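All remarks here apply to the structure that follows.
Residue numbers (full-length UniProt numbering): 1 to 204.
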C-alpha cells in the first residue's frame, strides 16, 4: 500500500463527502486483507487521503469512545482537511505527521474576513480535540459523544477554528496597520506644511 505525504491542505468536496486524512496501516492476517485505523499517537507514517463518507465517519467514531474529528484550515483561503484524532492526540503529533511547525487556534469569527479576533499558537503538548470539546460543551452540547459527532462541522468556523502552516494573516494585518499609520503621518505633515505656509505668507 503506497502512501503520499501531504504537501499542503487539499480542498475536496462533493456532496456530503469531504477531504479526509486517515492514518491507516495494514494488519497482517491469513488473507492479508484487513485494514485498521491507526491513531495519530501510535504512528508516524505518512498520511493517506481518503474520502470521508458517513460510513467511514461512523466507523471511526464507533471504534473508540475517545475518537473524534477536527477540521484543519489552511492559513489563507477556505481550504480545509478533516482529521481523525483522539483525546490524547497532541499538537506535536499532528504537526509531525503533516509536516508543519505550528497549529493555531482562532476564537471569534472567520479568520479570513475578521480582523478583531483572538489567535493562539498552541503549545506542542496541547490536545486539540479536548479543547474543541470544551468549546462545544460551553455552547450547549451536553455529552462527549455529541461533541465528537459535530466536531468537523464547517459552521463552527464562526466560533473557533484550527489551522496549520505559516500564519501570514498577522503579518498582513501588521503591514496594513503600518501603512495606515504612515498615511496618517503623511496627512499630518501635509496639513502642518500648508498651515505653516499659509500663516507665514498671510502675516509676514
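From the three backbone atoms N, C-alpha and C, an ideal C-beta is built for every residue, glycine too. Given the structure is predicted, the values throughout are model-derived calculations rather than measurements.
Less than 8 Å between the beta carbons of residue i and residue j, yes or no?
i: residue 136; j: residue 147; result: yes
i: residue 94; j: residue 103; result: yes
i: residue 127; j: residue 90; result: yes
i: residue 69; j: residue 151; result: yes
Going straight from the alpha carbon of residue i to that of residue j, what length do you get?
i: residue 61; j: residue 67; result: 5 Å
i: residue 71; j: residue 134; result: 16 Å
i: residue 99; j: residue 187; result: 46 Å
i: residue 83; j: residue 142; result: 23 Å
i: residue 88; j: residue 161; result: 19 Å
i: residue 156; j: residue 189; result: 46 Å
i: residue 164; j: residue 132; result: 16 Å
i: residue 59; j: residue 53; result: 10 Å
i: residue 140; j: residue 181; result: 42 Å
i: residue 78; j: residue 57; result: 22 Å
i: residue 138; j: residue 145; result: 15 Å
i: residue 154; j: residue 85; result: 17 Å
i: residue 250; j: residue 55; result: Missing from the structure shown is residue 250; the chain here goes from 1 to 204 and no further.
What do you get for residue i, buried or exposed, if any count of 16 or more other CB atoms within 10 angstroms of its CB means buried?
i: residue 63; result: exposed
i: residue 184; result: exposed
i: residue 80; result: buried
Going by DSSP, what residues sit across from residue i in a beta bridge?
i: residue 121; result: 104
i: residue 68; result: 85
i: residue 80; result: 73
i: residue 156; result: None, per the DSSP bridge assignment.
i: residue 97; result: Residue 97 is not bridged to any residue.
i: residue 164; result: 103
Going along the chain, which residues of its own chain have a beta-carbon closer than 7 Å to the beta-carbon of residue i, five neighbours each way excluded?
i: residue 121; result: 102, 104
i: residue 149; result: 61
i: residue 130; result: 87
Tell me whether residue i, by its Cβ, gets closer than 7 Å to a heavy atom of the ligand FMN.
i: residue 160; result: Among the ligands in the structure shown, none appear at all, so the ligand FMN cannot be discussed.
Whose C-beta lies closer than 6 Å to the C-beta of residue i among residues of the same chain, with five residues either side of it excluded?
i: residue 9; result: For residue 9, the pLDDT reaches just 38, beneath the cut-off of 50, and the residue's location in the model is therefore unreliable, leaving the point undetermined.
Please return the same chain residues whose Cβ sits closer than 8 Å to the Cβ of residue i, not counting the five positions on each side in sequence.
i: residue 92; result: 124, 125
Would residue i count as contacting chain D if we go by Cβ distances under 8 Å?
i: residue 65; result: Here there is only one protein chain, and chain D is not present.
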